[in-house]
Every structure is written in C-alpha cells, then in structure tokens.
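Numbering (this note's numbering), first residue to last: 261 to 327. Glycine is no exception: its CB is placed at the ideal position from the N, C-alpha and C atoms. Note that the structure is a prediction, hence the values are computed from the model and not measured.
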C-alpha cells in the first residue's frame with residue numbers, strides 16, 4: 261500500500277512540474293495573458309441600478325395618560 265501511495269504522489273508532482281514548465285517564453289506568457297484578459301472583458305456585464313426603497317414614516321407611540 262505504501263509503495264502505491266508513493267507512486268501516486270510522484271505522478272502528481274510530475275504533472276505539476278510539467279504544467280509549470282509548459283509556458284516558458286516571454287511571448288507565450290504575454291499571449292496567454294492577453295487571452296485571459298479578453299475572457300474577463302467579455303464576461304463583465306452592466307450592473308443594474310437598484311431602486312431605493314422609500315422609508316415608511318415611523319409611528320411614535322407616546323404614553324397614553326388615563327385619568
């Protein structure tokens with residue numbers, strides 16, 4: 261069991277390493293960045309203005325005197 265676990269973690273580590281090494285040239289990085297920013301720009305939507313609720317007048321109860 262221990263051997264299997266070790267193997268798995270090693271595979272994960274290898275995957276991570278290859279991912280990190282994938283983009284190494286400056287131009288590639290810039291292209292990726294541009295792509296990412298484009299995606300973000302497309303997603304942004306106009307915010308709807310919220311209607312302000314009218315405050316109801318507060319009813320103040322005064323102490324009623326009984327005689």
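Which of the three DSSP states, helix, strand or coil, is assigned to residue 322? coil
How big is the Cα-Cα spacing for residue 287 and residue 309? 41 Å
Cα separation between residue 321 and residue 312? 27 Å
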